[in-house]
Amino acid sequence: MPAQLDLPTADLTFERLYVEVQQFYARHMHLLDAGAAHEWAQTFTEDGTFEAPTLDEPTRGRAELIAAMSRTAAELAAAGDVRRHWHGMLDVRPGADGTIAVRCYALVFSTLLGGAPRLYRTCVCEDVLVFEDGQLRVRSRRVTRDDLA
């Protein structure tokens, strides 16, 4: 069952909603890049899903999100690889049901310690966001990679 929305999108101007979504992604990506698995998972609903071509199955729920992100963060740290995610070109579409569909471009940069930064991946990210407990959260995420399109 969908999470109850306690800040309906109908109560926000589109401009205010757009800024809220931008701020959400800024915080969300900073947590991801910092390897803050528990905090990052809290930006998803309890039953949130994450689907990407690198995953055999979608990741479902905060516990799986924490485990997957913790593994990846440890692997990157061991390799001396610093990743930075940038989301832009946000197409924000409020739904009549209170959900917010967001489609954007995601660029992932990789910098090996002592090395030069490089563009690692270009992707399209399609999220369904909801307000839950006064905060935006990801209900579902689908990532596609340009190199696999």
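Counting from 1 along the sequence shown, just add 1 to a position and that's the residue number in our numbering. Heads up, the beta-carbon is just placed ideally off N, CA and C, and yes, glycines get one too.
For this session: Compare the beta carbon distance of A42 and R63 with 8 Å and say whether it is the shorter of the two.
Result: yes
Exercise. Is it true that the segment 100 to 115 meets the segment 60 to 74, where meeting means three or more beta-carbon pairs spaced less than 8 Å apart?
Worked result: no
Problem set entry | Residue from F132, T112, R119 whose Cα sits closest to the Cα of L77 | T112
Exercise. In three-state terms, what does DSSP make of E133?
Worked result: strand
Problem set entry | Residue span of the alpha helix (DSSP H) that contains A38, given as start and end | 38 to 42
Problem set entry | Start-to-end residues for the beta strand (DSSP E) that takes in A107 | 101 to 113
Problem set entry | Cβ separation of E21 and L108, assumed to be a contact under 8 Å, to the nearest whole Å | With 8 Å as the limit, E21 and L108 do not qualify as a contact, their Cβ atoms being about 22 Å apart.
Exercise. Which residue comes first and which comes last in the beta strand (DSSP E) that contains G49?
Worked result: 45 to 52
Exercise. Cβ atoms of R84 and F45: under 8 Å apart, would you say?
Worked result: no
Exercise. How would you write the range of the beta strand (DSSP E) that G89 sits in, first residue to last?
Worked result: 82 to 95
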